[in-house]
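Before any comments, here is the structure.
Residue numbers (our numbering): 4 to 128.
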């Protein structure tokens, strides 16, 4: 992470949820460097923006790539911390995320204080 204000990419296909996350992050002093609704859009954005310090990502996304496939592709660019979010809280979902070091998984609905706490932990690791 750079010593400047952390830059966070939000990858969320539900517009209201994406706006909510962006609002909370901006209010906490973070820079939302990109807000996209699909894995494909996220990968395109990475070609045009400074690499983010953290990615907040829903597991279910618009387009052909889910959050896991998108995370794998993003990690090919660099070891960015990942905060996964989903409405599912089952063993299969947790098992799919085992491969990702420096990541956290939260279940929707996400409390703003918990979101910010987990982001801070990931950025400090």
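Heads up, the beta-carbon is just placed ideally off N, CA and C, and yes, glycines get one too. On a predicted model such as this, the values are computed, not experimentally measured, just so you know.
What do you get for residue i, buried or exposed, if any count of 16 or more other CB atoms within 10 angstroms of its CB means buried?
i: residue 84; result: buried
i: residue 19; result: exposed
i: residue 74; result: buried
i: residue 32; result: exposed
i: residue 86; result: buried
i: residue 44; result: buried
i: residue 38; result: buried
i: residue 21; result: buried
i: residue 129; result: As shown, the chain starts at 4 and ends at 128. That puts residue 129 outside it, with no answer to give.
i: residue 72; result: exposed
i: residue 42; result: buried
For chain C, check one thing: does any of its Cβ atoms lie closer than 9 angstroms to the Cβ of residue i?
i: residue 126; result: Protein chain content of the structure displayed is limited to a single chain, and chain C is not contained in it.
Comparing alpha-carbon positions, which option in the options lies nearest residue i?
i: residue 120; options: 10, 27, 76 and 19; result: 27
i: residue 94; options: 108, 81, 124 and 118; result: 108
i: residue 99; options: 118, 69, 127 and 126; result: 69
i: residue 34; options: 16, 78 and 9; result: 9
i: residue 111; options: 24, 42 and 71; result: 24
i: residue 116; options: 58, 16, 49 and 30; result: 30
Can you give the beta carbon distance from residue i to residue j, rounded, assuming they're within the 8 angstroms contact cut?
i: residue 113; j: residue 61; result: Residue 113 to residue 61, Cβ: 10 angstroms. No contact.
Runs of 4 residues minimum, wholly inside the region 77 to 105: which ones carry the alpha helix (DSSP H) assignment?
94 to 99
Counting only runs that start and end within the region 17 to 68, where is the alpha helix (DSSP H) found for 4 or more residues in a row?
18 to 30 and 42 to 49
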